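K.L.:
Number of protein chains: 2
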Amino acid sequence: MKFTIERNILLENLNNVIKAISIRNVIPILNGIKFELTDEGLYLTASNTDLTIKSFIEKKKIKKIESNGSIVVQSKYINEIIRKLPDDTINIEVIDGLKLLIESKNSQFNLNCLKVEDYPQIKLEYQKDPIIIKGNVFKSMIKQTVFAISNQESRPLFTGINFKLQGNILEVTATDSYRLAKKTVELSDFVKEEINITIPGNNISELDKIINDDENVEMHIFNSKALFVYKNINFQTNLLSGNYPNTNNLIPDNFAIIFNANYNDLYDAVDRAALLTQNKDKNIVKMETNGNNLTISSYASEIGRTEEVISINKNEGIDIGISFSSKFMLEALRTLNDDEIVVLLNSETKPIVIKSSKDETLIQLILPIKTY
Amino acid sequence: MKFTIERNILLENLNNVIKAISIRNVIPILNGIKFELTDEGLYLTASNTDLTIKSFIEKKKIKKIESNGSIVVQSKYINEIIRKLPDDTINIEVIDGLKLLIESKNSQFNLNCLKVEDYPQIKLEYQKDPIIIKGNVFKSMIKQTVFAISNQESRPLFTGINFKLQGNILEVTATDSYRLAKKTVELSDFVKEEINITIPGNNISELDKIINDDENVEMHIFNSKALFVYKNINFQTNLLSGNYPNTNNLIPDNFAIIFNANYNDLYDAVDRAALLTQNKDKNIVKMETNGNNLTISSYASEIGRTEEVISINKNEGIDIGISFSSKFMLEALRTLNDDEIVVLLNSETKPIVIKSSKDETLIQLILPIKTY
Chain A
1 MKFTIERNIL
11 LENLNNVIKA
21 ISIRNVIPIL
31 NGIKFELTDE
41 GLYLTASNTD
51 LTIKSFIEKK
61 KIKKIESNGS
71 IVVQSKYINE
81 IIRKLPDDTI
91 NIEVIDGLKL
101 LIESKNSQFN
111 LNCLKVEDYP
121 QIKLEYQKDP
131 IIIKGNVFKS
141 MIKQTVFAIS
151 NQESRPLFTG
161 INFKLQGNIL
171 EVTATDSYRL
181 AKKTVELSDF
191 VKEEINITIP
201 GNNISELDKI
211 INDDENVEMH
221 IFNSKALFVY
231 KNINFQTNLL
241 SGNYPNTNNL
251 IPDNFAIIFN
261 ANYNDLYDAV
271 DRAALLTQNK
281 DKNIVKMETN
291 GNNLTISSYA
301 SEIGRTEEVI
311 SINKNEGIDI
321 GISFSSKFML
331 EALRTLNDDE
341 IVVLLNSETK
351 PIVIKSSKDE
361 TLIQLILPIK
371 TY
Chain B
1001 MKFTIERNIL
1011 LENLNNVIKA
1021 ISIRNVIPIL
1031 NGIKFELTDE
1041 GLYLTASNTD
1051 LTIKSFIEKK
1061 KIKKIESNGS
1071 IVVQSKYINE
1081 IIRKLPDDTI
1091 NIEVIDGLKL
1101 LIESKNSQFN
1111 LNCLKVEDYP
1121 QIKLEYQKDP
1131 IIIKGNVFKS
1141 MIKQTVFAIS
1151 NQESRPLFTG
1161 INFKLQGNIL
1171 EVTATDSYRL
1181 AKKTVELSDF
1191 VKEEINITIP
1201 GNNISELDKI
1211 INDDENVEMH
1221 IFNSKALFVY
1231 KNINFQTNLL
1241 SGNYPNTNNL
1251 IPDNFAIIFN
1261 ANYNDLYDAV
1271 DRAALLTQNK
1281 DKNIVKMETN
1291 GNNLTISSYA
1301 SEIGRTEEVI
1311 SINKNEGIDI
1321 GISFSSKFML
1331 EALRTLNDDE
1341 IVVLLNSETK
1351 PIVIKSSKDE
1361 TLIQLILPIK
1371 TY
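Chains as they are written, first to last, in the numbering used here: chain A, 1 to 372; chain B, 1001 to 1372.
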């Protein structure tokens, strides 16, 4: 293997695949990135067995190819080395069978490599008719939901994000059982059979980092894995097994209390109230309506208390006082891109639902916290 | 105590004094900031007994004073609260004796406080004729030396930075016994008696963060403490006891090998060579002269090796190969603000001296590492 390539092209593709390298990995060969230079171009592959990313640099983007070949390069050093090389042009060559020689201007790196024969055979599988979704639509639906997954391994399904596709309606759900985020997206194509899969949240977050424009994302879905194709990147993840609970019945159809609030007023008041805490993850904030006034308050016996009143636009009828995690509320609010948001409630023990005033496709739900 | 003040004025002064609060402090009252509102203005004080910072806001910068008084406020929350308040104007009032009420627009904070009687009496002491130095000169001499102090408590004096003042020449030295940084500054005034003090490095770094322009810094030096006055800020630190070693005899007067190198060429080559390491603190890089070529190389058995040749301008005579810590070399180089630097050597076991080509007042010295 011997070729000459522009530094930024190689670096961009290395940065894509390195996302599949797990810091907790203990299998030496999986700390490596597989380089395969063929007549088509250069394939880079990294995998942690649960997630495999393969990035392709077509031949015409490579300055010069002297000979094909393949090798596995330690991922820990290669990206930093390529990034810091002195010149825009890099010569790469396998020498002595198991060494990679990297040359740029007056700088030479000679890296020990791993045998390509030891690299696991990972099959990427494709459907004939993948499901198509725009990159930016895909990216925002992930961002608006994935924060709500659980990090508790005791309930593995909740560490994933659920994709449910019926007809042309894709419903994306994440929950840790204390809060829930649900986004509905209308696709241009219809599927014949319902699809219901749960993708590991950490993997989908890596895909989110790769997507950066509105180019199509192809979804190739199988029973136990899903492959996403975006530009020159193939991203294959295992799926979580088990039946994701039906969460639609958790979201009430009717609400006794509905009010609109200015986004910044509400966000900033909760953010300030959250300051009075010794444990950022467990800070309880209370909100109380009094007609068109909403009082946001919090209390910590050792520190003190805080209170702020903001104006809201509330429906006629009963008032309410309800307590919640400020962290969950702020994270939910951050997904809503609107000047005005709607808060929907039934009672102090029933879920808090938050939506944008203009967009019905995104629902954020938070369970209240009982205070005595 | 009741007053109205602009948020940014209060915040800036709180940010100054909070630097004296130690995260390892176990004395509850020293987690607090003392507020004292008098006829002159508002004094804010924080201390960890080793370091005391007092910041003063004169009366005319306070919008409205209704009554004087004093109280000790928990430092953990006050800065974030002030920073996040909704309005530029803040009302502050002591209520119920031990609570601070902070009001801004519709937001109210009610903070538990500590008794001012429990706050230690800390005397700030001043000389009649302090030593004067420009703020930016002081700041850069600290930056150019303090990185070289030791963090090993076993040799306490080396955790400090030494100020030696004879006549009008101030010599600032820091060393951890493996490297040494020395800066010489000419002051406008002369002292009659020699001054030789060692200031805790961590404290002087906090002072460095406060200084941001060329306003004068007054140095009031006593046997066991030093007080620095900069603008409205009084900064008093204890001194380290003991005789700082005479380091001048460590710096050779004559050198067998002298070469000039382009700053970026040398810095980048060492930076790249430093990539091949598993332990960033212990990476050994080697440089070898061959006439006007300098080869920078490093080797790590598990990873590989790297080599780069840069052009230098060397004196006639012998060549040398010498190994050193890349971390120490990069940190030393960062203090030199010049396109061209000078490297001075005697042998592979003798110190490496690095200077700017234009400025003789700053010397960086690194001991070589023996390799076999």
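All C-beta atoms in this analysis are idealised placements derived from N, C-alpha and C, irrespective of residue type, glycine included.
Keep in mind that this is a model prediction, so the values were computed, not measured.
#1: Helix or strand or just coil, what does DSSP make of residue 432 of chain A?
#2: Spell out whether any CB of chain A is found under 7 Å from the CB atom of residue 1304 of chain B.
#3: Using a beta-carbon distance below 7 Å, is residue 1286 of chain B in contact with chain A?
#4: Would you kindly report the start and end of the unbroken alpha helix (DSSP H) that includes residue 219 of chain A?
#5: Comparing C-alpha positions only, which one of A:290, A:286, A:291 sits nearest to residue 300 of chain A?
#6: Check the Cβ of residue 99 of chain A against every Cβ in chain B and list those closer than 8 Å, keeping chain order.
#7: Does DSSP classify residue 1314 of chain B as helix, strand or coil?
#8: Between which two residues does the beta strand (DSSP E) holding residue 287 of chain A run?
#9: Where residue 1326 of chain B and residue 1294 of chain B are concerned, what is the direct C-alpha to C-alpha distance, given to the nearest angstrom?
#10: Run through DSSP, which three-state label would residue 179 of chain A get?
#11: Taking C-alpha atoms, which residue in A:70, A:1, A:189, A:272 lies nearest to residue 1086 of chain B?
#12: Taking any Cβ of chain A, which residues in the segment 1255-1273 of chain B have a Cβ under 8 Å from it, in chain order?
#13: Against chain A, which members of the segment 1095-1128 of chain B pass a CB distance test of less than 9 Å?
#14: So if I threshold CB-CB distances at 7 Å, which residues from the segment 307-319 of chain A count as touching chain B?
#15: Is the CB of residue 275 of chain A under 7 Å away from at least one CB in chain B?
#16: Out of B:1140, B:1012, B:1331, state which residue places its alpha-carbon closest to the alpha-carbon of residue 1083 of chain B.
#17: Check whether chain B comes within 7 Å of residue 81 of chain A, counting only Cβ atoms and requiring the distance to be less than that.
#18: Counting only the same chain and skipping the five closest in sequence on each side, list residues whose C-beta sits under 6 Å from that of residue 1343 of chain B.
#19: Who are the Cβ neighbours of residue 375 of chain A in its own chain at under 6 Å, not counting the five residues just before and after it?
#20: Going straight from the alpha carbon of residue 1308 of chain B to that of residue 19 of chain A, what length do you get?
#21: Checking contacts by CB at 7 Å: is residue 1084 of chain B closer than that to chain A?
#22: Output the boundary residues of the alpha helix (DSSP H) element that contains residue 332 of chain A.
#23: Let me know the secondary structure DSSP gives residue 1023 of chain B once reduced to three states.
#24: Flag this pair as touching only if the segment 1245-1262 of chain B and the segment 1200-1215 of chain B have three or more C-beta atom pairs under 8 Å; answer yes or no.
#25: Need the endpoints of the beta strand (DSSP E) that residue 1126 of chain B sits in, please.
#26: Buried or exposed: residue 1179 of chain B, going by 16 or more other Cβ atoms within 10 Å of its Cβ?
#27: Look at residue 104 of chain A and residue 90 of chain A and say whether their C-beta atoms are less than 7 Å apart.
#28: Mind the definition here: the segment 105-124 of chain A touches the segment 22-37 of chain A only if three or more C-beta pairs lie below 8 Å; say whether that holds.
#29: Report yes if the CB atom of residue 1322 of chain B is closer than 7 Å to the CB atom of residue 1351 of chain B, and no otherwise.
#30: Would you mind sorting residue 298 of chain A into buried or exposed? The rule is 16 or more other CB atoms within 10 Å of its CB.
#31: Start and end of the beta strand (DSSP E) containing residue 93 of chain A?
#32: With distances taken Cα to Cα, identify the nearest neighbour of residue 312 of chain A among A:303, A:332, A:304, A:290.
#33: Mind checking residue 126 of chain A: buried by the 16 CB within 10 Å criterion, or exposed?
#34: Taking the beta carbon of residue 200 of chain A as the centre, do at least 16 other beta carbons fall within 10 Å, making it buried, or is it exposed?
#35: For a contact meaning CB atoms closer than 8 Å, what does residue 1074 of chain B contact in chain A?
P.N.:
So, from the listed chains and residues:
#1: Because chain A here runs from 1 to 372, residue 432 of chain A falls outside it and cannot be looked at.
#2: yes
#3: no
#4: First-last for residue 219 of chain A: 216-221, but that is the beta strand (DSSP E), not the alpha helix (DSSP H).
#5: A:286
#6: 1304
#7: strand
#8: 284-290
#9: 15 Å
#10: strand
#11: A:272
#12: 1268, 1269, 1271, 1272
#13: 1099, 1100, 1102, 1105, 1106, 1107, 1108, 1109, 1110, 1111, 1112, 1113
#14: 307, 308, 309, 310
#15: yes
#16: B:1012
#17: yes
#18: 1259, 1354
#19: Residue 375 of chain A lies beyond the residue range present for chain A, which begins at 1 and ends at 372; the question has no answer from this structure.
#20: 30 Å
#21: yes
#22: 326-334
#23: coil
#24: no
#25: Counting along the chain, residue 1126 of chain B falls outside any beta strand (DSSP E), and DSSP gives it neither H nor E.
#26: buried
#27: yes
#28: yes
#29: no
#30: buried
#31: 89-95
#32: A:290
#33: exposed
#34: buried
#35: 303
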